[in-house]
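A.B. asks: Starting off with a structure, shown below.
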Amino acid sequence: MSELEELRSRVRTFLSAELASGGFTPRCDSWLIGYDPEFSRRLGAAHLIGLMLPTEFGGMGGGAGHRFVVSEELLSAGAPVAAHWFAERQFAPSVLRHGTVAQQHEWIPKVIAGEVCIAIGLSEPDAGSDLASVRTKAEQVDGGWLISGTKVWTSSAHHADAMVVLARTSGQRHVGLSQFIVPLPNPNVDISPIRLISGEHHFNQVIFDEVFVADSDVLGEIGNGWAQAMHELAAERAGPERYLSTFPLLEELLRDLPSDSPSADDIGRVISDITTFRTINHKVVELLAAGDTSASEIAILKGIATAFEQETVGIALNIANDPGNPTTLSPAAMSLLREAQFQAPGFTIRGGTNEVLRGIVSKGLLK
Amino acid sequence: MSLLDWELPEERRSLHRALDDMCARATASLPQTLVDAGIPWIGMTESTGGSGGDIFDAALALQTLSSNAVDVIGIDTGLVASWALSKTGLSCDRSLIAVAVDPRNTLVNFRSSSGDLLISGIAIDVPANERIKYLLAFVDQKLALISLADCEINQSENLAGESRATVTFDNVTPINHVVVDSGFTQIDLLARLALARSIQISGAMNAVLALTIKYARTREQFGKPIADQQVIAHKLAELCELTLMSQAAVATALNAPTTQNCAIAKSVTGRCARKASMTAHQIHGAMGMSQEYQLGGLTTRLWSWTEEAGRPEFWNHYIGRSFLAQSNTSLWESIVNGMEGLHT
């Protein structure tokens, strides 16, 4: 067995034990809506967080392939990973790349242990697709900065131990942006829910009213925030969470189908497409590991994979309603189907709309 | 452009360039030149009369020739026929071979009478002409090499004008045949043929993308190149998405050429080709409909190849049924196991 195969089997053993003991219930879109800090701690204790992070902080020091294997196993099983997902996916790598030694020692071991929840503050009321127009301001004062402004659509801010805030430190559109780590809670930070159409609370509006951030909490260099944020976005766009958000639903629906089910064609299509996304993802992971964050393949993968995720909701409804398949859905399948329907419009919006991504791709083609 | 070259390691580029050069100097004698250069036998070991090279070399040759919309006589000899021969231990001289296997079994109805093996029936859509010496056919659980001289050939063409003959057998004795074990079936041979068409599709799609980008940058309307219109730029991006998807599906199958991965390649490339051909024509407007212009030579190939060797719906059904037949395998395990050795 290769090292990666061993790792895959270790994750599967962990997940089977969790399922057997009722440790979690599979959910669609579990990297966004599956918030369970206890699960994240158990995962950390099993050394399954921070696969690419250095051993000096308690990480595994592995390659991109290690993280890929663990991520896809967790997501395909619908495991509740939202409590640590953003911390591991973009915060820790960013602190490692741009942070001070003190920041690295403060944050990275806690990320690896699955003990911290980090929110990423990018979007604003008037800065969505046009991210560079952020208006949240950071003004330099003695010993630090005063942040004022509003962030919206911030995932998990209400649970977060800290929020990374992209704020304007000068008037220049791109080079006038910088990143700050704001520990939470803070009396001058007001966090209120933006409820989704499902009624659930995952996103927030976060208002900063002259929040003091010490110089030691500046992330990276002043003026380098745009480049840092783009690096994080590349990591955010490039993972299996872009084609596996509805996978737990498909798995549940297919579990008890008869061998002569009329849904064979749909199943064949799903297997074909996910297999192909995995090949592209593997390539993209290699590109990212080599430091290429602007490759068109990243934008392409996110675009086509999320469009597919959205289509799987229709495929699932076809399977669920075909008279040739079992007529009653399990309660688990019904719950997963509702989650998938509620979450589906967001697949092609979050992390850069598919239209923004096509803009990136065409710019590369027409260079 | 890294996008199109991502599965093309440096050491293989010389073959790619040599073939591109040959196509660029295209004359009426090009088909014979390609045969003389041994192109149809790439992927077949030299010790058995082939031109050497592995599955990647054979794929690269197919892809390059397809991107130039060039017909190759005996195109399936190296990648498909010689593979089946070596897999089953059937021997053959260095000849051009066409493969007769069709998903519509009712139309390919071979019969072997007892005693001497005699084969009767009709094979359709066979890329056969007078230069092809043998037909490789799957009959019951036997693989048979049949001399085309013993058959009646009714020539026809696919949409792209490539030879697709109807071949009639009337109590024909094969030159050679072998009884194959149950580990090798007609569907395995068909899948390999589907891989060949998938490679051709991805090659032609590369060319469609390049041609369409070039057109959109030069064609001006409303005072500027149409590529400057956001709606056209997004269509170009969509074309690029479909092309990358096809390349990736082919890459998966080349790295692990199992029947399932070949089936996946055809499902994906065929579906992408349908969308890509229409998008490319839409961007080209009326120009793309002209016989003089190159686009039609590529899109007609895409349409024909998509329907040949099992259309995407045929393979989706096959993949789905294979999954449903395994009672104890989850969907996720099935996907990961299908790619075993690739990304683990």
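First to last, the sequence lines map onto chains L and V. Note that my numbering gives residue 269 to position 269 of the first sequence, counting from 1, and the numbers run on in steps of one. The number in my numbering is simply the position in the second sequence, starting from 1, with 1000 added. Glycine residues also receive a C-beta, built at the ideal position from the N, C-alpha and C atoms. Treat the numbers as computed from the prediction; the structure is a model and nothing was measured.
Threshold first: 3 residues or longer. Then list the beta strand (DSSP E) segments lying entirely within the segment 195 to 237 of chain L, N to C.
C.D. replies: Counting only runs of 3 or more, we get 203 to 214.
A.B. asks: Does the CB of residue 264 of chain L have a neighbour CB from chain V at under 8 Å?
C.D. replies: For residue 264 of chain L, the answer is yes, since a Cβ of chain V falls inside 8 Å of its Cβ.
A.B. asks: How big is the Cα-Cα spacing for residue 276 of chain L and residue 296 of chain L?
C.D. replies: Those two C-alpha atoms are separated by around 17 Å.
A.B. asks: Check each candidate in V:1124, V:1198, V:1176, V:1171 and name the one with the smallest Cα separation from residue 1348 of chain V.
C.D. replies: Past the edges of chain V, shown from 1001 to 1344, lies residue 1348 of chain V, and the structure says nothing about it.
A.B. asks: So which residues on chain L does residue 1323 of chain V lean against when the C-beta distance must stay under 7 Å?
C.D. replies: Within chain L, the residues near residue 1323 of chain V are 267, 271.
A.B. asks: If we require 3 or more residues per run, which beta strand (DSSP E) segments fall completely within the segment 78 to 164 of chain L?
C.D. replies: The segment 78 to 164 of chain L contains these whole beta strand (DSSP E) runs: 118 to 121, 137 to 141, 144 to 155.
A.B. asks: So is residue 257 of chain L in contact with chain V if we call contact Cβ pairs under 8 Å?
C.D. replies: Output row for residue 257 of chain L: interface = yes.
A.B. asks: Buried or exposed for residue 1076 of chain V, please, with buried defined as at least 16 other CB atoms from any protein chain shown within 10 angstroms of its CB.
C.D. replies: Flag for residue 1076 of chain V reads buried.
A.B. asks: Threshold first: 4 residues or longer. Then list the alpha helix (DSSP H) segments lying entirely within the segment 1023 to 1063 of chain V, N to C.
C.D. replies: Runs of the alpha helix (DSSP H) inside the segment 1023 to 1063 of chain V: 1030 to 1036.
A.B. asks: What residue range does the alpha helix (DSSP H) around residue 1230 of chain V cover?
C.D. replies: It spans 1230 to 1255 - the alpha helix (DSSP H) in which residue 1230 of chain V sits, taken as one unbroken run.
A.B. asks: Consider the Cβ of residue 358 of chain L: report whether some Cβ of chain V lies at a distance smaller than 8 Å.
C.D. replies: Yes, because at least one Cβ of chain V sits closer than 8 Å to the Cβ of residue 358 of chain L.
A.B. asks: Within this structure, are the beta carbons of residue 75 of chain L and residue 30 of chain L separated by less than 8 Å?
C.D. replies: A contact, by the Cβ cut-off of 8 Å.
A.B. asks: So with CB distances below 8 Å, who are the chain L contacts of residue 1267 of chain V?
C.D. replies: In chain order: 268, 269, 272.
A.B. asks: Could you work out which residues of chain V lie near residue 276 of chain L, taking near to mean beta carbons separated by less than 8 Å?
C.D. replies: Within chain V, the residues near residue 276 of chain L are 1245, 1248, 1249, 1252, 1264, 1268.
A.B. asks: Can you give me the Cβ contacts of residue 103 of chain L inside the same chain, cut-off strictly under 6 Å, excluding the 5 residues immediately before and after it?
C.D. replies: Same-chain partners within the cutoff: 95.
A.B. asks: In this structure, does DSSP put residue 168 of chain L in helix, strand or coil?
C.D. replies: If DSSP states are grouped into helix, strand and coil, residue 168 of chain L belongs with the strands.
A.B. asks: Going along chain V in order, which residues have a C-beta closer than 7 Å to the C-beta of residue 311 of chain L?
C.D. replies: Near residue 311 of chain L there are no residues of chain V at all, since even the closest Cβ is about 12 Å away, more than 7 Å.
A.B. asks: Below 8 Å CB to CB, which residues in the same chain sit around residue 298 of chain L once its five sequence neighbours on both sides are set aside?
C.D. replies: Same-chain partners within the cutoff: 234, 237, 238, 284, 287, 288.
A.B. asks: Below 8 Å on the Cβ atoms is my guess for residue 1284 of chain V versus residue 1298 of chain V; work out the distance and round it to an integer in Å.
C.D. replies: The pair is not a contact, with the Cβ atoms about 11 Å apart (cut-off 8 Å).
A.B. asks: Return the residues of the segment 1309 to 1321 of chain V that lie within a Cβ-Cβ distance of less than 9 Å from chain L, sorted by chain order.
C.D. replies: Of all residues in the segment 1309 to 1321 of chain V, 1312, 1313, 1315, 1316, 1317, 1318, 1319, 1320, 1321 have a Cβ within less than 9 Å of some Cβ in chain L.
A.B. asks: Going along chain V, which residues have a C-beta under 7 Å from residue 362 of chain L?
C.D. replies: The answer, in chain order, is 1233, 1234, 1236, 1237.
A.B. asks: Beta carbons nearer than 7 Å to chain L: which residues of the segment 1192 to 1219 of chain V have them?
C.D. replies: Flagged, chain order: 1213, 1217.
A.B. asks: Could you tell me the alpha carbon to alpha carbon distance between residue 1073 of chain V and residue 1224 of chain V, rounded to whole angstroms?
C.D. replies: So the two alpha carbons sit approximately 44 Å from each other.
A.B. asks: Under a CB-based cut-off of 8 Å, is residue 1338 of chain V close to chain L?
C.D. replies: At least one chain L Cβ lies under 8 Å of residue 1338 of chain V.
A.B. asks: Give me, in chain order, the residues of the same chain whose beta-carbon lies closer than 7 Å to that of residue 1080 of chain V; leave out the 5 immediate sequence neighbours on both sides.
C.D. replies: Hits under 7 Å: 1099, 1192, 1193, 1196.
A.B. asks: If I measure Cβ to Cβ from residue 1066 of chain V and keep anything under 6 Å in the same chain, skipping five residues before and after, which residues do I get?
C.D. replies: Closer than 6 Å at Cβ, skipping near neighbours: 1200, 1203, 1204.
A.B. asks: Where residue 67 of chain L and residue 52 of chain L are concerned, what is the direct C-alpha to C-alpha distance, given to the nearest angstrom?
C.D. replies: Their Cα atoms are separated by approximately 6 Å.
A.B. asks: Within its chain, find whatever has a CB closer than 7 Å to the CB of residue 1305 of chain V; leave out the 5 residues flanking it on each side and keep chain order.
C.D. replies: Cβ neighbours of residue 1305 of chain V beyond the five flanking positions: 1197, 1200, 1201.
A.B. asks: In the segment 311 to 329 of chain L, which residues sit with their C-beta less than 8 Å from some C-beta in chain V, listed in chain order?
C.D. replies: Listed by position along the chain: nothing, the set is empty.
A.B. asks: Residue 106 of chain L: which of L:17, L:302, L:56 sits nearest, CA to CA?
C.D. replies: If we check each option's Cα against that of residue 106 of chain L, L:56 comes out closest.
A.B. asks: May I ask which residues mark the beginning and end of the beta strand (DSSP E) holding residue 1293 of chain V?
C.D. replies: Looking at the DSSP string, residue 1293 of chain V is not in any beta strand (DSSP E), and its letter there is neither H nor E.
A.B. asks: Check this for me: beta carbons of residue 1084 of chain V and residue 1242 of chain V, under 8 Å apart or not?
C.D. replies: For residue 1084 of chain V and residue 1242 of chain V, no; Cβs fall outside 8 Å.
A.B. asks: Beta-carbon of residue 366 of chain L versus every beta-carbon of chain V: anything under 8 Å?
C.D. replies: So yes, residue 366 of chain L belongs to the interface.
A.B. asks: Under 8 Å: do the segment 1146 to 1157 of chain V and the segment 1170 to 1181 of chain V share three or more Cβ pairs, one atom per stretch?
C.D. replies: The segment 1146 to 1157 of chain V, when compared against the segment 1170 to 1181 of chain V, does touch it at the 8 Å Cβ threshold.
A.B. asks: Determine the extent of the alpha helix (DSSP H) in which residue 1168 of chain V is found, giving its start and end residues.
C.D. replies: Here residue 1168 of chain V belongs to no alpha helix (DSSP H); instead the beta strand (DSSP E) covers 1165 to 1172.
A.B. asks: With C-beta atoms as the reference, is residue 229 of chain L less than 8 Å away from residue 357 of chain L?
C.D. replies: No, they are not a contact pair.
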